[in-house]
Amino acid sequence: MKDFLQTDRLEILFSYQEAVDLHPNMYQFLEDSSYNEEMFFLTYTTLKSILTDLFFKDDKVILLINKYPLCNKNKTDKILHKIVKNIREITLSEQTFDYLNDDIDTYLRLQIETTYSNIKWKQLILSLINQDFPDRQPQFKTKNSFKTPDIYIISPTTDTMIHIYDDRGYIIYSDDKMKISN
1 MKDFLQTDRL
11 EILFSYQEAV
21 DLHPNMYQFL
31 EDSSYNEEMF
41 FLTYTTLKSI
51 LTDLFFKDDK
61 VILLINKYPL
71 CNKNKTDKIL
81 HKIVKNIREI
91 TLSEQTFDYL
101 NDDIDTYLRL
111 QIETTYSNIK
121 WKQLILSLIN
131 QDFPDRQPQF
141 KTKNSFKTPD
151 IYIISPTTDT
161 MIHIYDDRGY
171 IIYSDDKMKI
181 SN
């Protein structure tokens, strides 16, 4: 298994990657400035389907969460309770990395190992696609962070990683080019 806590650049651990734009012809807002709920629903159902295809019910899942705390105290917050059903059924590791950015000196990577059935998938997916829209819920709190967390979902069974960056799309990584082809 790849050692996700030893590199700050996860993409180098995989041979292939593909960025996927979920709905290139749809916009988040309608002409009257209200949310395009159809687009958000399609995004959610598409991502849920992709994750269902990637994992089997009893598969092991690794979640990598890059957090950008304002200070080194209290680095772990309630994100685990938001996305995991039973905290006692996880293995948690963490590593701090230097971050080359004017605003952020370091960031924390949490590695959570659990089973597919122990993840609150709806909460996780909706929090990721709502992150650019402060009035949409659920969301990850950013009160003590420079920015929202980056979350990578890994299937050790298929040796595939997916990063849902927001409502627009995701990047999928694998060592097998056929696994990421559309």
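Per UniProt numbering, the sequence shown starts with residue 1, numbered consecutively. Where a beta carbon is used, it is the ideal one built from N, C-alpha and C, also for glycine.
Where residue i falls: helix, strand or coil (DSSP)
i	result
Met26	coil
Lys60	strand
Arg9	coil
Ser49	helix
Thr43	helix
Leu110	strand
Cβ pair residue i, residue j closer than 8 Å
i	j	result
Tyr173	Gln6	no
Leu47	Ile164	yes
Leu108	Thr96	yes
Leu54	Ile125	no
Phe146	Tyr68	yes
Distance between beta carbons of residue j and residue i, contact taken as under 8 Å
i	j	result
Asp58	Thr115	6 Å
Ser93	Gln111	4 Å
Asp167	Thr45	Contact doesn't hold; Cβ gap of about 13 Å is too wide.
Beta carbon proximity, residue i to chain C, threshold 8 Å
i	result
Asp32	The displayed structure is made up of one protein chain only, and chain C is not part of it.
Same chain, Cβ closer than 8 Å to residue i, five either side skipped, listed in chain order
i	result
Ile119	Val61, Leu63, Ile83, Val84 and Lys85
Val20	Gly169, Tyr170, Ile171, Ile172 and Asn182
Handout entry: Three CB pairs or more closer than 8 Å across the stretch 20-27 and the stretch 79-90
Key = no
Practice task
Evaluate the contact criterion for the stretch 141-155 versus the stretch 87-98: three or more CB pairs, one atom per stretch, below 8 Å.
Solution key: When C-beta atoms of the stretch 141-155 are compared with those of the stretch 87-98, fewer than three pairs fall below 8 Å, so the two segments do not count as touching.
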